[in-house]
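Number of protein chains: 2
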Amino acid sequence: MSGTPVIQHVAIIGLGLLGGSIGLAIAKHAPGIATTGYDTDPATREKARERELVGTVLDSAAEAVAAADLVILCVPVGAMGFAAEAICDALPAGAIISDVGSSKQSVADALKAALPDHCIIPAHPVAGTEQSGPDAGFAELFEHRWCILTPADDAPTEAVDALSRFWTGLGSNVELMGAEHHDLVLAVTSHIPHLIAYTIVGTASDLEDVTRSEVIKYSAGGFRDFTRIAASDPTMWRDVFLTNKDAVLEMLGRFTEDLTALQRAIRRGDGDALHDLFTKTRAIRRSIIEQGQDDARPDFGRSDHSGDH
Amino acid sequence: MSGTPVIQHVAIIGLGLLGGSIGLAIAKHAPGIATTGYDTDPATREKARERELVGTVLDSAAEAVAAADLVILCVPVGAMGFAAEAICDALPAGAIISDVGSSKQSVADALKAALPDHCIIPAHPVAGTEQSGPDAGFAELFEHRWCILTPADDAPTEAVDALSRFWTGLGSNVELMGAEHHDLVLAVTSHIPHLIAYTIVGTASDLEDVTRSEVIKYSAGGFRDFTRIAASDPTMWRDVFLTNKDAVLEMLGRFTEDLTALQRAIRRGDGDALHDLFTKTRAIRRSIIEQGQDDARPDFGRSDHSGDH
Chain F
20 MSGTPVIQHV AIIGLGLLGG SIGLAIAKHA PGIATTGYDT DPATREKARE
70 RELVGTVLDS AAEAVAAADL VILCVPVGAM GFAAEAICDA LPAGAIISDV
120 GSSKQSVADA LKAALPDHCI IPAHPVAGTE QSGPDAGFAE LFEHRWCILT
170 PADDAPTEAV DALSRFWTGL GSNVELMGAE HHDLVLAVTS HIPHLIAYTI
220 VGTASDLEDV TRSEVIKYSA GGFRDFTRIA ASDPTMWRDV FLTNKDAVLE
270 MLGRFTEDLT ALQRAIRRGD GDALHDLFTK TRAIRRSIIE QGQDDARPDF
320 GRSDHSGDH
Chain Z
20 MSGTPVIQHV AIIGLGLLGG SIGLAIAKHA PGIATTGYDT DPATREKARE
70 RELVGTVLDS AAEAVAAADL VILCVPVGAM GFAAEAICDA LPAGAIISDV
120 GSSKQSVADA LKAALPDHCI IPAHPVAGTE QSGPDAGFAE LFEHRWCILT
170 PADDAPTEAV DALSRFWTGL GSNVELMGAE HHDLVLAVTS HIPHLIAYTI
220 VGTASDLEDV TRSEVIKYSA GGFRDFTRIA ASDPTMWRDV FLTNKDAVLE
270 MLGRFTEDLT ALQRAIRRGD GDALHDLFTK TRAIRRSIIE QGQDDARPDF
320 GRSDHSGDH
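Listed in order, the protein sequences are those of chains F and Z. Here the first sequence stands for residues 20 to 328, where the numbers follow the numbering used here. Here the second sequence stands for residues 20 to 328, where the numbers follow the numbering used here.
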C-alpha cells in the first residue's frame with residue numbers, strides 16, 4: 020500500500036442495526052462514498068433495499084465486496100470468521116477489512132486466520148440501541164459516540180488513519196487501544212451491565228410469590244430501565260460473552276465481591292456504608308452528562324414525564 | 020368518622036421531589052384543594068415558596084397540618100416516625116395520615132407507634148426520577164403511574180376510598196395490597212435494581228486497570244443506564260434498604276443464584292443457555308411498553324439519538 024488510501028467505496032456485510040446505520044450515516048455525512056451491502060437473510064436484504072440502507076444491496080457477500088476499499092463486517096462476533104471466509108476470494112488486494120464487534124481480541128484472531136494477507140483494522144463503535152434488524156438503523160447513531168480502533172502493532176499507519184477519518188466523518192470520536200485492554204474496558208462499561216440486566220429480568224420473570232403482572236405494573240420503580248438493555252439482540256450478546264469470557268468473568272468477580280459487601284452492610288444494618296457508596300456513585304453520572312455521553316434530562320427525558328417532550 | 024370524607028386540605032411534610040410533585044399535581048388536577056407544606060430545611064422552604072410547590076409554606080410541621088384533612092409525609096422512610104411525632108399534637112382528629120415511602124411495613128409500624136389514635140393509610144406512588152430536592156418536582160410525575168395503598172385490615176373503608184380518589188385525581192392508577200406483599204414486590208421492581216445499579220457503578224469507580232475516564236467515555240455501551248438510577252437520593256435509598264431488609268435479602272439471594280448460573284454458563288461456553296435466557300427477557304420489555312409503563316422509542320427516546328426529538 021503506498022500513500023494514504025482514500026476510502027471511496029464501502030462494503031457492509033450484515034445489514035442490521037449497526038450495518039444499516041453505517042450505510043445511512045455515509046449517505047448523510049459522506050455521500051461521495053459508494054456503498055454496497057449484503058446480508059445472509061433474504062428478508063433483510065429486501066428490507067435494506069426498501070429503506071435504501073446502502074446504495075446497492077447484492078445477493079452475495081463476494082459481489083458486495085468486489086469493488087470495495089473498505090469492508091465492514093457487521094455480524095455477531097461469533098460469525099466474523101465465516102463472514103471473512105465468504106469474502107476472501109473476492110476481496111480487492113488493497114482493501115481494509117474492519118468490523119463493529121463488541122469484543123476485539125477474538126475478532127482480530129478470527130479475521131487474521133481467515134484473511135492472513137489482508138490489512139485488518141478491527142473497530143468497535145460504542146453505540147447502539149436495544150433494537151436490532153434492518154428496521155432499526157438510523158444515520159445519527161454514531162454522532163458524539165466513541166469508536167475504538169484496535170489495530171495490531173504492525174498495522175499500516177495509513178490504513179489506520181484512513182479508517183479513523185472515516186469514523187470521524189460519521190460524527191464519531193476515535194480512540195486507539197490494544198484489543199486486550201478494549202475487552203477489559205468494555206467488560207465493565209457494556210458487557211457486565213448487559214449480563215446483570217439480563218439476569219435481573221430473568222429473576223423477576225421466574226418468581227412465584229410475585230406475579231409477572233405485578234412486575235410489569237410496578238416496573239417504573241427502576242426495573243423497567245433494565246428491561247431495555249435486556250431486550251437487546253440475543254445472538255449478538257451470546258457471542259459477546261462467549262468471546263470475551265476472561266475479561267467478563269474477571270469483572271463479574273469484582274462485581275459480586277462488591278455486591279456481597281453491600282449485602283452484608285444491609286444484613287448488619289450498616290447505614291453509613293450504604294450512604295457512603297450511594298453518595299460516591301452520583302459523581303460518575305455528573306461526569307457522563309458533562310462529557311455529552313447521556314441526556315441530562317431527568318429519567319433520560321422519557322416522554323411520559325411531562326407535556327414538554 | 021361518619022360518611023365519606025371529602026379531601027379539601029392537604030398538608031405535605033417534606034418538599035422534595037415527591038412532596039413538591041404532589042403539590043404541583045394538586046394545583047394542576049385538583050385546584051380546589053388547599054395545600055400547605057413544611058420542610059425541615061429552611062432553604063428548601065424558601066425554594067418551595069419561590070416555585071409555589073404548595074399554596075402556603077409554613078415554618079413548622081404543626082402549623083402546616085393544623086387544618087388538614089389529609090397529611091402526606093414525604094420524608095425518607097427512616098424519618099417517618101420523627102415526622103409523625105412532630106405533627107402529633109397539632110393533627111385534627113379526623114385527618115387521614117398517609118405517606119409516599121418505598122417500604123411499607125416499617126412505615127406502617129412507625130406511624131402506628133407515633134399516632135396510635137389516628138387513621139393511617141400508608142401509600143406508595145411508584146414514580147420518581149433520579150433527581151431530588153425542591154427543584155425536581157413536576158405536576159405530571161404521577162400520571163399513568165401506579166399508586167399502591169397498603170391499609171391495615173381495620174382501616175376505615177371511607178378513608179381508603181377518599182385516598183384512592185385523591186390519587187386517581189392526580190392521574191394515577193390505584194391498587195390495594197398488604198404491606199408485606201408490597202415490600203416483596205417492590206424489592207424486585209425497585210429496590211434490587213437500585214442496589215445492583217449502585218454496586219456496578221461503585222465497582223467501575225474503583226478499578227485500577229480501567230480508568231474512570233475510560234468508564235465515562237465508553238459508558239454508552241450500557242453502563243450509563245445504571246448511572247441514572249445510581250444518582251438517586253442517598254438518604255432515601257439507605258433508609259429503603261435498612262427498612263426492607265428481609266425482602267431485599269431474599270430477592271438478592273435469588274438474583275445472585277441466577278447470576279452464578281449465568282457465570283457458570285459463560286465459563287463452560289454454554290451458548291444455548293445464554294441464548295435461551297436472552298430471548299426470554301425480551302417478552303417482559305414488550306409487555307411493559309404495551310401497558311404504558313415505558314417509552315417505546317429506542318433508547319428511551321434519548322435526545323442524542325436523532326434530530327427528531
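By construction, the Cβ of each residue, glycine as well, lies at the ideal position given by its N, Cα and C atoms.
Query, Result
"Backbone CA spacing between L10 (chain Z) and L43 (chain Z) [nearest angstrom]", "Residue numbering for chain Z in the displayed model covers 20 to 328; residue 10 (chain Z) lies beyond these limits and cannot be assessed."
"DSSP beta-bridge partners of L195 (chain Z)", "Z:L168"
"Neighbourhood of E199 (chain F) by C-beta distance below 7 Å, restricted to the same chain and skipping five residues each side", "Q124"
"Neighbour flag for P253 (chain Z) against chain F, beta carbons, 8 Å", "yes"
"Contact belief for L72 (chain F) with G156 (chain F) at Cβ below 8 Å, rounded distance in angstroms", "6 Å"
"Within 8 Å, strictly: CB atoms of V207 (chain F) and V234 (chain Z)", "yes"
"Coil, strand or helix - C138 (chain F) by DSSP", "strand"
"Proximity test, Cβ basis, 8 Å: D154 (chain Z) and chain F", "no"
"Alpha-carbon spacing of A109 (chain Z) relative to I211 (chain Z), whole angstroms", "38 Å"
"Buried or exposed (CB count within 10 angstroms, at least 16 for buried), E159 (chain F)", "buried"
"Span separating the alpha-carbon of M20 (chain Z) from that of T246 (chain Z)", "Only weak support is given to the placement of M20 (chain Z): the predicted model assigns it a pLDDT of 44, under 50, and the value that follows is read from those uncertain coordinates. Approximately 47 Å, taken between the alpha carbons."
"Close-in-space but distant-in-sequence residues of the same chain around A129 (chain F) (CB under 6 Å, 5 per side omitted)", "M99 and G100"
"Entirely enclosed beta strand (DSSP E) segments - the region 79-134 of chain Z, minimum 3 residues", "89-92 and 115-118"
"Among F:S191, F:D88, F:P135 and F:G38, the one whose alpha carbon lies nearest that of R70 (chain F)", "F:G38"
"Residues that H294 (chain Z) contacts on chain F, provided the C-beta gap is smaller than 9 Å", "P253, T254, W256 and R257"
"Members of the region 302-315 of chain Z that neighbour chain F once the beta carbon cut-off is set at 7 Å", "I303, R304, S306, I307, Q310, Q312, D313 and D314"
"Assigned secondary structure, Y57 (chain F) (DSSP; H/G/I helix, E/B strand, else coil)", "strand"
"Beta-carbon gap between R321 (chain Z) and G147 (chain F) smaller than 8 Å", "no"
"Supposed close pair I115 (chain Z), L77 (chain Z) - CB separation, criterion 8 Å", "Incorrect: roughly 19 Å between the Cβ atoms, too far for contact."
"Those residues which DSSP pairs with T75 (chain Z) across a bridge", "Z:T55"
"Neighbouring residues, chain Z, relative to A44 (chain F) (Cβ below 8 Å)", "Residues of chain Z passing the Cβ test: none, with the nearest at roughly 12 Å."
"For A30 (chain Z), the residue or residues it bridges with in DSSP", "Z:T55 and Z:V90"
"Backbone secondary structure at P253 (chain F) - three-state DSSP", "helix"
"Residues, ordered as in the chain, of the region 192-214 of chain Z that lie near chain F by beta-carbon distance below 7 Å", "L203, V204, L205, V207, T208, S209, I211, P212, H213 and L214"
"is_contact[G35 (chain F), chain Z] using C-beta, thresh 8 Å", "no"
"Stretch pair the region 181-195 of chain Z + the region 171-189 of chain F: three plus CB contacts closer than 8 Å", "no"
"Collapsed DSSP secondary structure at P50 (chain Z) in the structure displayed", "coil"
"Where the alpha helix (DSSP H) through E269 (chain F) begins and ends", "K264 to R287"
"Exposed unless 16 or more other CB atoms sit within 10 angstroms - verdict on D291 (chain Z)", "exposed"
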